[in-house]
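Number of protein chains: 2
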Amino acid sequence: MTTPWTPAEFEQQLRSLGRYYHTHHPFQTMMYAGKLNAAQLRGWVANRFYYQVTIPRKDAALLFNCPDREVRRVWIQRILDHDGGPATDHISNGGIEAWLRLGEACGVPREELLDQRHVLPGVRFAVDAYINFVHQADWREGVCSSLTELFAPTAHRQRLQSWPDHYPWIDNAGLQYFRNRLTEAHRDVDHGLALTLQHFTTVEQQQRALQILKFKLDVLWTMLDAMYLAYIQDMPPYFNIEETNHE
Amino acid sequence: MTTPWTPAEFEQQLRSLGRYYHTHHPFQTMMYAGKLNAAQLRGWVANRFYYQVTIPRKDAALLFNCPDREVRRVWIQRILDHDGGPATDHISNGGIEAWLRLGEACGVPREELLDQRHVLPGVRFAVDAYINFVHQADWREGVCSSLTELFAPTAHRQRLQSWPDHYPWIDNAGLQYFRNRLTEAHRDVDHGLALTLQHFTTVEQQQRALQILKFKLDVLWTMLDAMYLAYIQDMPPYFNIEETNHE
Numbered sequence: 001m002t003t004p005w006t007p008a009e010f011e012q013q014l015r016s017l018g019r020y021y022h023t024h025h026p027f028q029t030m031m032y033a034g035k036l037n038a039a040q041l042r043g044w045v046a047n048r049f050y051y052q053v054t055i056p057r058k059d060a061a062l063l064f065n066c067p068d069r070e071v072r073r074v075w076i077q078r079i080l081d082h083d084g085g086p087a088t089d090h091i092s093n094g095g096i097e098a099w100l101r102l103g104e105a106c107g108v109p110r111e112e113l114l115d116q117r118h119v120l121p122g123v124r125f126a127v128d129a130y131i132n133f134v135h136q137a138d139w140r141e142g143v144c145s146s147l148t149e150l151f152a153p154t155a156h157r158q159r160l161q162s163w164p165d166h167y168p169w170i171d172n173a174g175l176q177y178f179r180n181r182l183t184e185a186h187r188d189v190d191h192g193l194a195l196t197l198q199h200f201t202t203v204e205q206q207q208r209a210l211q212i213l214k215f216k217l218d219v220l221w222t223m224l225d226a227m228y229l230a231y232i233q234d235m236p237p238y239f240n241i242e243e244t245n246h247e
Numbered sequence: 001m002t003t004p005w006t007p008a009e010f011e012q013q014l015r016s017l018g019r020y021y022h023t024h025h026p027f028q029t030m031m032y033a034g035k036l037n038a039a040q041l042r043g044w045v046a047n048r049f050y051y052q053v054t055i056p057r058k059d060a061a062l063l064f065n066c067p068d069r070e071v072r073r074v075w076i077q078r079i080l081d082h083d084g085g086p087a088t089d090h091i092s093n094g095g096i097e098a099w100l101r102l103g104e105a106c107g108v109p110r111e112e113l114l115d116q117r118h119v120l121p122g123v124r125f126a127v128d129a130y131i132n133f134v135h136q137a138d139w140r141e142g143v144c145s146s147l148t149e150l151f152a153p154t155a156h157r158q159r160l161q162s163w164p165d166h167y168p169w170i171d172n173a174g175l176q177y178f179r180n181r182l183t184e185a186h187r188d189v190d191h192g193l194a195l196t197l198q199h200f201t202t203v204e205q206q207q208r209a210l211q212i213l214k215f216k217l218d219v220l221w222t223m224l225d226a227m228y229l230a231y232i233q234d235m236p237p238y239f240n241i242e243e244t245n246h247e
């Protein structure tokens, strides 16, 4: 390839990576098909919470790296959306609070989410790889790594469609997080995509952008790998270690 | 607990965490029992190589953080052992070269190790968690995180004992890495253990040291989790994604 893609072609290339989105992971397909038991679903909610609480710090790292005030003025909305803003009437007090309520609706007490006792090392390492990447990368690469949001509305819609039928024991009010994200993710991705199309213009840059998006897809997929091994294959860390002689 | 452990008690507590060492992971027990096929063994060799090449950079991060010249003068030997030193007659040109020869003996060409094409994202995230920890931590915490070496000679001995019987197609000369590490790891751990016993003296510090060693055990275990899912369960990343329409 010797000439760069047009913005429309480049966008198409980025969107085509959606075939690797974690909605295709067996853990998620089992979820949408109603094949998870309560413990498995709770494991997902508790592990995914580590991603939720890391995202505002990831976005703060991006703000830290970004010298462009106009970009920061828009990007900061992501932190407000997740943490909740200074105003007490900010929607649902933010995505983290909404996820805590999702946890409660699923039967995971908020203390157990907040103290991260259920977070698997493999999930932690994958999420930390994401925040470390954004911390160390150029801010435009950080923006690009957020573009898995291109594919997120599908995932939220699948959850909203399948959970009430398959998991009727979960209070429907607990699903508010997914409803909120349908609008938020749409708005966020418009901004992130426009910045990416604007800044990655050479052949090398566009190839690099695809690599970055693939890295982020690896993060999401690997999180589910850890959950699959622990909760579907019943192989959580140290599952075979005899503890009785040492406790 | 209100009084700190004596050095001997503290050492015993550290050593007791050896029950979580990755030699107990199903992937390793299969290895020692001769249950891995060639592709699975090669997968391990290629993924573990990412750990090998990261270790000298991890030790360089520790040198960077350490203001104590006497410690640095001893610790630097680890980098020399892995990378090979300036003198051309340094033993086997170091552990990385020895691992490349191990790879060749197992049928993995050195280019395939060096370009890291086989490295699974979950392995990369786990190893990167280790180097990032050492980079960001106090140097004494970095030292403590190296103490899985307490348990390493057992692993190397198990490999030297089981491989020739179970995997006779591997040239015995290729196992030199394990033979070298039997002596090197013994010497390294004496230094790392002495520093840890000397610096972690309060109740809180000793508890923290156990957490750090457990974190490092998590890194090693999680690496094998990723290999187990990919090579034993045949679930490498994106194994179920149809590529034909996109290539």
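First to last, the protein sequences are chains A and B.
Each residue of the first sequence is one higher than the one before, starting from 1 at the first, in UniProt numbering.
Each residue of the second sequence is one higher than the one before, starting from 1 at the first, in UniProt numbering.
Quick reminder that beta carbons are idealized off the backbone N, C-alpha and C, glycines included.
In this structure B/A126 is not in contact with B/M31, their Cβ atoms being roughly 18 Å apart against a cut-off of 8 Å. For A/W75, the enclosing alpha helix (DSSP H) stretches over residues 69 to 83. Setting aside the 5 residues that flank it on each side, A/L217 is surrounded in the same chain by L17, Y20, Y21, H22, T148, each with a C-beta closer than 8 Å to its C-beta; the list follows chain order.
Scanning the segment 162 to 216 of chain B from its first residue to its last, the whole alpha helix (DSSP H) runs of 4-plus residues come out as 176 to 199.
B/T54 and B/I131 have their C-alpha atoms some 7 Å from each other. Contact between the segment 97 to 108 of chain B and the segment 163 to 178 of chain B is present, with at least three C-beta pairs closer than 8 Å. Burial state of B/G34 is exposed, judged by a 10 Å Cβ sphere holding fewer than 16 other Cβ atoms. With a threshold of 8 Å between beta carbons, B/R48 makes no contact with chain A. Looking at the backbone, the Cα of B/L14 and that of B/Q161 are separated by about 26 Å. When the beta-carbon positions are compared, B/R208 and B/F215 stay at least 8 Å from each other. Counting only Cβ-Cβ distances below 7 Å, B/H118 has no contacts in chain A at all, with the closest Cβ about 14 Å away. Just so you know, the alpha carbons of A/F27 and B/I79 end up roughly 41 Å apart.
In this structure, B/W139 sits away from B/L193, with a CB-CB distance that is not shorter than 8 Å. The alpha-carbon of B/Y51 is positioned some 17 Å away from that of B/L150.
In the three-state reduction of the DSSP assignment, A/G94 falls in the coil class. Interface with chain B (8 Å Cβ-Cβ cutoff): A/N180 is excluded.
With respect to chain B, the C-beta atom of A/F200 has no partner C-beta closer than 8 Å. For B/R48 and A/D190, the gap between their C-alpha atoms comes out near 40 Å. A/A152 and A/W99 have their C-alpha atoms some 16 Å from each other. Contact between A/G142 and A/V134 holds: CB atoms are separated by about 4 Å, below the 8 Å threshold. The residue from A/G95, A/D165, A/A46 with its alpha-carbon nearest to that of A/L114 is A/A46. The DSSP-derived three-state label of A/Y238 is coil. Neighbours of A/N240 in chain B, taken as residues at a C-beta separation under 9 Å, are given in chain order as H24, H25, P26, T29.
Taking 8 Å as the cut-off, the Cβ atoms of B/R157 and B/L182 count as close. A Cβ-Cβ separation of about 41 Å leaves A/Q233 out of contact with A/W5 under the 8 Å criterion. Straight through space, the alpha carbons of A/L210 and A/L220 are spaced by roughly 16 Å. A buried status is given to A/V119, since no fewer than 16 other beta-carbon atoms sit within 10 Å of its beta-carbon. Membership of A/I131 in the alpha helix (DSSP H) is indicated by the continuous run 121 to 136. Under the Cβ criterion of 8 Å, B/F10 is not counted among the residues facing chain A. Burial state of B/A8 is exposed, judged by a 10 Å Cβ sphere holding fewer than 16 other Cβ atoms.
Inclusion of A/G85 and A/E97 in the CB contact set at 8 Å is not warranted, their separation being larger than that value. Membership of A/V53 in the alpha helix (DSSP H) is indicated by the continuous run 38 to 65. A/A226 counts as buried, since at least 16 other C-beta atoms from the protein chains shown sit within 10 angstroms of its C-beta. Contacts between B/W5 and chain A, judged by CB atoms closer than 8 Å, are missing: the closest CB pair is about 15 Å apart.
Legend: CB atoms of the segment 206 to 235 of chain B lying less than 9 Å from CB atoms of chain A belong to residues F215, L217, D218, V219, W221, T222, D225, A226, Y228, L229, A230, Q233, M235.
Closest by C-alpha distance to B/A155, out of B/N180, B/C144, B/A137, is B/N180.
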